Amino acid sequence: MNDDDLNELIDAFTAECEEFLQSMETNLLAMESAGLKERQAAVKEMFRAAHSIKGAGSMLGFQNVSAAAHTLEDCFVILRDRTDLAALEPTTVSVLLQGVDALKKITIESVQHSDVTTPDQTENLEAIAQIFDQFQAKYGNSEPSPVPTVSQSTAPETLKQIFEHQVPALFNRLETELSQAPEADLATTVTALKQVYYQLSGLAGMLQLPDFGKVAAALRDLIDSPNLTLQRLQSEGWAIAQNLQTARQQILEGRAIDIPEISPSPTPPEISPSPTPPDSPRLSDSPTPPEISPSPSPTVPPSPTLPVANPQRPTIRVDLERLTELVNLVGELVINRTNLELQESELRGEVKRIRRNIVDLNQFGGQLREEYDRLSFAEWRGGNGNSGLVKLAAAETELPMIANGKSSPLHAHFDILEMDRYTEFHSTAAEVIETAQAISHSATKLDTLAMKFERSTDQLRRITEQLRSRVMQLRVVSFSRAVDHLPRALREMCLTYDKDVNLLLVGRDTKIDESLLDALRDPLIHLVRNAFDHGIEMPEVRKASGKPASGQIEIEARHQGGQTIITVADDGKGIDPEMIRRKVVTKGLATEEQAQEFSIAELYDFLFWPGFSTTEGVSDLSGRGVGLDVVRTNLRTVRGTVKVDSRLGKGTSFIIKLPLLLSITDALMVKTDHNKIAVPLDAVEEILHIKASEVHIAGNQPMLWWREEFIRLVRMQDLLEYSVVGPDAPSPDPLTQEEIPVLVLASTEGMLAVAVERLIGQQEIVVKPLPPPLSKPRGVLGTTILGDGRVVNILDVDDLVGQPGVNSSIAAVSGKVKEMPPSSSQSPQILVVDDSYTIRQLLSLTLTRARYRVVQAKDGVDALEKLQNGLDCSLAIVDIEMPRMDGFELLRSIRSTERFAKIPVAMLTSRSGAKHRQMAMELGANQYFTKPYSEAQLLQAIPKLIHQSII
265 MNDDDLNELI DAFTAECEEF LQSMETNLLA MESAGLKERQ AAVKEMFRAA HSIKGAGSML
325 GFQNVSAAAH TLEDCFVILR DRTDLAALEP TTVSVLLQGV DALKKITIES VQHSDVTTPD
385 QTENLEAIAQ IFDQFQAKYG NSEPSPVPTV SQSTAPETLK QIFEHQVPAL FNRLETELSQ
445 APEADLATTV TALKQVYYQL SGLAGMLQLP DFGKVAAALR DLIDSPNLTL QRLQSEGWAI
505 AQNLQTARQQ ILEGRAIDIP EISPSPTPPE ISPSPTPPDS PRLSDSPTPP EISPSPSPTV
565 PPSPTLPVAN PQRPTIRVDL ERLTELVNLV GELVINRTNL ELQESELRGE VKRIRRNIVD
625 LNQFGGQLRE EYDRLSFAEW RGGNGNSGLV KLAAAETELP MIANGKSSPL HAHFDILEMD
685 RYTEFHSTAA EVIETAQAIS HSATKLDTLA MKFERSTDQL RRITEQLRSR VMQLRVVSFS
745 RAVDHLPRAL REMCLTYDKD VNLLLVGRDT KIDESLLDAL RDPLIHLVRN AFDHGIEMPE
805 VRKASGKPAS GQIEIEARHQ GGQTIITVAD DGKGIDPEMI RRKVVTKGLA TEEQAQEFSI
865 AELYDFLFWP GFSTTEGVSD LSGRGVGLDV VRTNLRTVRG TVKVDSRLGK GTSFIIKLPL
925 LLSITDALMV KTDHNKIAVP LDAVEEILHI KASEVHIAGN QPMLWWREEF IRLVRMQDLL
985 EYSVVGPDAP SPDPLTQEEI PVLVLASTEG MLAVAVERLI GQQEIVVKPL PPPLSKPRGV
1045 LGTTILGDGR VVNILDVDDL VGQPGVNSSI AAVSGKVKEM PPSSSQSPQI LVVDDSYTIR
1105 QLLSLTLTRA RYRVVQAKDG VDALEKLQNG LDCSLAIVDI EMPRMDGFEL LRSIRSTERF
1165 AKIPVAMLTS RSGAKHRQMA MELGANQYFT KPYSEAQLLQ AIPKLIHQSI I
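As numbered in this note's numbering, residues 265 to 1215 make up the sequence shown, in order.
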């Protein structure tokens, strides 16, 4: 076995141990609220997990792991056999959880330090030993049952599988190392033989074969002997190899191991190739021995129900980037398959058109033939043959004969009725008829090819679906991997802070990309701690407010519209927006006047600022202002977003949205305002066609009566913050049509009826998130590419349903007037000052799309020169860190010059600290944005800033 194989086994061992340790922790936590039968089953499951870790650790030479797992296994035996599980004490669970933690630390230390005993490992081993001593003292001692040996009984089928398929690979390596041992580098061979010994002895320990272990121990004695020579190594080594082969054969035959004394062999035997492949077995395929129960009999009878070991399956390690490339290629394959389906549909349409034209052509050919026959024989058939012959002769004169013109002297004695005469007219008609028949034949073949093309496209669709499913399985894991550690953490907090909180996990089997696990763990921990500390009240407070004493935190994961939505909700006291408003003013983040203008969503956004906390004091759980900042920062690394929804006295929800690595979903294509829009089909609750008379008006807001309730009815174009100017006339208002197509959209924010211009149809699409540095526009989930190459936006239904004031009529009802950007004829001019060309271009594109005029400046000096030269601007958006003159210096110069003092200045910088923000506000900045900025928030704030300059 080479180093790569050994490293692969160690990686598999590490992953397997993580699963077993997590299983033990999950079962221990579940036992507290489970019944007796469930507790008994959980103890058996934990025993098997500890037993598997012990065997795998011993097989790979991690003796400390094996010893610790063995001690913990004995603790589970005591728990199973000598305790009343119906009266399980919480302290017992806590002690065993500490033992699982210690075993976890020992496993990590052993893998990192190659099982070298460190002080930390010694401490953890002693901790597990103390736990065992506590169990022995509390529940009493019992005589250990004798260890059964296979040499005293018939070999089980599992052992036969292992010794028949897996052990020969170890023997092959042993023989190879002995035969190829170089005398000059004997130490390398000894190191390799040590690895073989560790695996053989570990196998013997895991399968409880002490006699086989004694045979393998002779190899360790040989390689550890001083002054070892090549001749002695090979002679005694071959004898040991022969004994191992004999022991293997005896185990396969179910006989006791009987090995003679080792006699040195002068020369090694000739090696013959083995038919068994030398692949190393994976730990995940290693069998777990059956549970050993105390029995007075020293033998173990063969069990007919013992599971047969899984056949060995080879594995390879693949770089994560290659998997990502493979996933992207699958997405491109789906797009091209859609293009192929579109071409196939067009081909079938063209074939049908050709068939119709061929029918017309055949009719024309038939008419042409009838006309010729009529011209040639109509007069003759009329009765006067001579007159007919004369006219035919005249026709022959006008239309030269081409078929037999050269042989006409030979046929002069034949009249026109005795020998056919052909003219150019007849030949042309025949060619037209033959061409029509050839085209008809080709069209038939083309139709056949189109049918084969359609069948091939269907087959390609099925194969693509299978490929997409298999590829996605390579990268996705269950959401439980991200939340299984939370019940333990919540339990510790409940014990520490005297709160009773239940954790409900919904959608544990929801599949997420494995690369998102690391980005999700810290945010989920912070959100749970935040809900526990800030949200859930103390039991006496909850009782006084009419709530149950036990609080609840719910974490739900689901897929919708090409993204993963994770909701962390609690039933606590909620968030007081007025308290946030006071904190903002107290910390100097805004003036009293500015704070009063902040909306609820803007106030909630302060919760994610670095250093911002609503708690007065600092505790182990909160008060440092680093919790929610970590949440947003980690989610931004994976293009995720987080939103807050809270009701005072009812509870708070944090909604996390993460883009899927590859999302292929069904969408409903609609047309509105000259644009094709894709609406995720899983967000469409119902499709309606309503009459204009069915629209009700509440104030200025159109409403629709749907399923015994009124829901808002809005136009699709009123929900979107962008538009594409079309070449033709404006689209008709959907609400003025006689029959209005309406989509009823459902989301976590509620229900909304949306009127569109036209329904196009359902289509499978590939969701492509917008790449950085482009920020996600409000209401747009991403884009997709249609079969004809056009790019279509995909709606984010949650954003659309949840945004306030979706149209002017709604704003009028709520008493707020939505400030819209001015038309191009009176557009204000905005000065963008940033030393980054990319940022300037990106900002300019955003502002121009919003119908503002833009002037760019590369630093403070350039901006000041433009202002001094008479530039009339209504707003300046300024970066802080720039060469020659930074943003602070420019802001000071603007405020100190009377001509520029009234120009509103918004700072846009990557510096998010309170110190920079406070400095900007002291110098006279009107607003402070941080990069990466929210395009929606920026566009929403600009009209207010410009309005301040007008006043």
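Don't be surprised by glycine CBs; every beta carbon is placed ideally from N, CA and C. Note that the coordinates shown come from a computational prediction; the quantities given were computed from them, not determined experimentally.
At a Cβ-Cβ threshold of 8 Å, residue 516 and residue 435 do not count as neighbours. Counting along the chain, residue 1014 sits inside no alpha helix (DSSP H); it lies in the beta strand (DSSP E) bounded by residues 1014-1019. Buried is the label assigned to residue 936, since at least 16 other Cβ atoms lie within 10 Å of its Cβ. The C-beta of residue 1190 has 16 or more other C-beta atoms within 10 Å across all chains shown, which makes the residue buried. Taking 8 Å as the upper bound for CB-CB distance, residue 1185 and residue 875 are not in contact here, some 15 Å apart. With at least 16 other beta carbons inside 10 angstroms of its own, residue 337 counts as buried.
Residue 953 carries a strand assignment under DSSP once its states are collapsed to helix, strand and coil. Taking 8 Å as the upper bound for CB-CB distance, residue 277 and residue 313 are not in contact here, some 14 Å apart.
A residue is called buried when at least 16 other Cβ atoms come within 10 angstroms of its Cβ; residue 1101 does not meet this threshold and is exposed. For residue 1053, the secondary structure class from DSSP, reduced to helix, strand or coil, is coil. The beta carbons of residue 1124 and residue 1097 sit about 7 Å from each other, so the pair counts as a contact at 8 Å.
DSSP links residue 916 through a beta bridge to 834 and 910. Where residue 1025 is concerned, the enclosing beta strand (DSSP E) starts and stops at 1022-1031. Separation of residue 311 and residue 834 (C-alpha to C-alpha, rounded to the nearest whole angstrom) is 35 Å. With distances taken between CA atoms, residue 1057 lies nearest to 1048 out of 1048, 1065 and 1064. Within the model, the alpha-carbon separation for residue 1015 versus residue 844 is close to 29 Å. DSSP, reduced to helix, strand and coil, places residue 329 within a helical segment of the structure shown.
In terms of Cβ geometry, residue 788 and residue 832 form a close pair [threshold 8 Å]. For residue 1192, the pairing in a beta bridge is given by DSSP as 1171. DSSP places residue 802 outside any alpha helix (DSSP H), giving it a letter other than H or E. By DSSP's assignment, residue 745 forms no beta bridge with any residue.
With a cutoff of 8 Å on beta-carbon distance, residue 442 and residue 501 are scored as near each other.
Contact annotation, residue 728 with residue 601: C-beta distance approximately 5 Å; criterion of less than 8 Å satisfied. Its chain contains 521 as the residues whose beta carbon lies nearer than 6 Å to that of residue 514, once the 5 sequence neighbours on both sides are disregarded; these appear in chain order.
In this structure, residue 612 lies away from residue 702, with their beta-carbon atoms at least 8 Å apart.
Contact check for residue 1151 and residue 1144: beta-carbon distance about 4 Å, within the 8 Å limit, so the pair qualifies. When Cβ pairs closer than 8 Å are counted between the two stretches, the segment 741-750 is seen to touch the segment 763-779, the count reaching three or more. Secondary structure at residue 973: strand, using DSSP grouped into helix, strand and coil. Between the alpha carbons of residue 949 and residue 1009 lies a distance of about 6 Å. Residue 446 holds the alpha-carbon nearest to the alpha-carbon of residue 498 among 512, 463, 446 and 932. If you draw a straight line from the Cα of residue 1023 to the Cα of residue 896, it comes to about 38 Å. Cα atoms of residue 898 and residue 607: separation of roughly 44 Å, rounded to the nearest angstrom. If you look at residue 1011, you'll find it isn't in any alpha helix (DSSP H); it sits in the beta strand (DSSP E) that goes 1003-1011. Listed in chain order, the alpha helix (DSSP H) elements of length 4 or more contained wholly in the segment 1126-1182 are 1151-1160. Distance from the CA atom of residue 487 to the CA atom of residue 459, rounded to whole angstroms, is 11 Å.
Taking residue 827 as reference, the option from 940, 455, 932 and 1045 with the minimal CA-CA separation is 1045.
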